[in-house]
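K.L.:
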């Protein structure tokens, strides 16, 4: 399991995007010299996740103004994510990690069949990674349940704080 230290390079991942394109984080970094907020969410079936994604969409201009791009990942099926995105007018990349490749590389909690409590079947739990333009970790938070995840307001504060206090 990967344990990241701040400042270390995060793993690349390549996953299908709801647009039908294949998404490579390494290629994305080369094309977009920006920070990236990588957000793992439970799935299209999760009303709290959908609310949070809609809130991120409403705050997208703030993040882009700070040169931070949003990338979201779920272990849900591509077709479910595509439908949810269309219904909620989401415009940032939404990737499907059905094979759990990125989830494992980023050591994101997975609620599997062996979990000690029932919770909507198997799925990845929320996790957040702020990565600089060179792919180095600036912030991370992993959840083991749906609770305790930062709101978009808290994520805005995190981006501002790190941007203001980043060592050169």
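In my numbering, the protein residues as written are 17 to 184. In this text, a Cβ means the ideal position worked out from N, Cα and C, and glycines have one as well. Owing to the predicted nature of the structure, the values given are computational and were not obtained by experimental measurement.
Is the separation between the beta-carbon of residue 175 and that of residue 49 shorter than 7 Å?
P.N.:
Reading the chain shown from its first residue, position 159 is the one you call residue 175. Reading the chain shown from its first residue, position 33 is the one you call residue 49. Not closer than 7 Å, so no.
K.L.:
Pairs of beta-carbons, one from the stretch 81 to 96 and one from the stretch 106 to 114, closer than 8 Å: are there three or more?
P.N.:
They touch, by the three-pair rule.
K.L.:
May I have the straight-line CA-CA distance separating residue 21 from residue 181, to the nearest angstrom?
P.N.:
Against the chain shown, residue 21 aligns to sequence position 5. Against the chain shown, residue 181 aligns to sequence position 165. Roughly 18 Å separates the two Cα atoms.
K.L.:
Per DSSP, what kind of secondary structure is residue 63 in: helix, strand or coil?
P.N.:
Taking the first residue of the chain shown as position 1, residue 63 is located at position 47. Here residue 63 sits in helix by DSSP.
K.L.:
With a 10 Å radius around its C-beta and 16 neighbouring C-beta atoms as the bar for buried, classify residue 142 as buried or exposed.
P.N.:
Translated into the one-based positions of the chain shown, residue 142 becomes position 126. By the 10 Å Cβ count, residue 142 comes out buried.
K.L.:
Taking residue 168 as the reference, which of 161, 144 and 51 has the closest Cα?
P.N.:
Reading the chain shown from its first residue, position 152 is the one you call residue 168. The shortest Cα separation from residue 168 among 161, 144 and 51 belongs to 144.
K.L.:
Where does residue 45 sit, in a helix, a strand or coil, going by DSSP?
P.N.:
Indexing the chain shown from 1 puts residue 45 at position 29. Here residue 45 sits in helix by DSSP.
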